[in-house]
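Participant:
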Amino acid sequence: RGGIQLIALPLGWFAKNFFYDVEDEEVKNFYSKIENKSPLNTKNSIFYGLRQWDIFRYSLALGVQDGCKELDFKRVAANIPTDWLHDQDIVAMFGAIMSKENVNLEILQDPKKIQTTCENIANYGVRKLIEINSQVDMGNPIKEYESMLTKTISQSK
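Be aware that the sequence shown starts at 267, since it is given in this note's numbering, and climbs by one per residue.
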């Protein structure tokens with residue numbers, strides 16, 4: 267299921283699931299597995315066949331790139347299972363936390379705060395990812411995503 271992990275967090279360190287904003291229909295569809303609504307199940311998407319964690323990680327990176335901006339949201343349903351958490355997801359979350367200005371290292375003792383902060387940063391970033399996804403020519407999605415991500419990153423500097 268979750269694959270081999272080299273990073274071993276204590277059992278139950280993170281909650282059983284992470285949240286995304288299900289009250290925003292666009293975000294909900296983006297993370298869903300509904301064919302032609304979610305890039306996870308759209309054949310020409312760069313995310314086709316990947317995991318919700320991959321979308322979360324890209325969204326987190328875009329939020330970090332924009333100065334670790336956070337967008338809080340009402341946590342209605344937890345929907346990204348931590349059973350599917352891979353090393354690169356854990357590294358991305360700790361990287362995001364350490365990228366915040368004036369970070370207090372005591373946060374590393376507080377998995378709930380790490381989770382909430384990363385969810386808020388990813389919630390900000392997923393809107394940028396949705397915007398990029400809507401502009402991608404599905405005839406050549408990898409080249410288009412590269413181009414759009416490069417453009418987005420250079421604009422946020």
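We treat Cβ as the ideally placed atom computed from N, Cα and C, and that holds for glycine.
Using beta-carbon positions only, say whether proline 347 and asparagine 399 come within less than 8 Å of one another.
Facilitator: no
Participant: Since glycine 391 and leucine 328 should fall inside the 8 Å C-beta cutoff, what is the C-beta to C-beta distance between them, to a whole number of angstroms?
Facilitator: 3 Å
Participant: Can you tell me where the beta strand (DSSP E) with proline 347 in it begins and where it stops?
Facilitator: 344–347
Participant: Under a Cβ-count criterion, where at least 16 other Cβ atoms within 10 Å of its own Cβ denotes burial, should glutamine 401 be classed as buried or exposed?
Facilitator: exposed
Participant: Quick check on the burial criterion: 16 or more other C-beta atoms within 10 angstroms. Buried or exposed for methionine 414?
Facilitator: buried
Participant: Considering only residues of the same chain and omitting the five flanking positions on each side of proline 377, which have a CB-CB separation below 7 Å?
Facilitator: Trp279 and Phe280
Participant: Would a C-beta distance cut-off of 8 Å place asparagine 307 and lysine 299 closer than the cut-off?
Facilitator: yes
Participant: Can you check DSSP and say which residues form a bridge with phenylalanine 313?
Facilitator: BP columns for phenylalanine 313 are empty, so no partner.
Participant: Let me confirm a value: valine 330 is counted as buried when at least 16 other C-beta atoms fall within 10 Å, else exposed. Which label applies?
Facilitator: buried
Participant: Quick one: give me the first and last residue of the alpha helix (DSSP H) that asparagine 295 is part of.
Facilitator: 291–297
Participant: Assuming phenylalanine 296 and isoleucine 321 are in contact, meaning their beta carbons sit under 8 Å apart, how far apart are those beta carbons, in whole angstroms?
Facilitator: 7 Å
Participant: Leaving out five residues on either side along the sequence, give the residues of the same chain with a beta carbon under 8 Å from the beta carbon of asparagine 368.
Facilitator: none
Participant: Shortest alpha-carbon distance to glutamine 289 belongs to which of Ile363, Phe360, Ala344 and Gln318?
Facilitator: The residue asked about is misnamed: residue 289 is glutamate in this sequence, not glutamine. Comparing Cα positions, the closest option is Ala344.
Participant: Buried or exposed: aspartate 349, going by 16 or more other Cβ atoms within 10 Å of its Cβ?
Facilitator: Aspartate 349 should be labelled exposed.
Participant: Leaving out five residues on either side along the sequence, give the residues of the same chain with a beta carbon under 7 Å from the beta carbon of glutamate 292.
Facilitator: Ile396
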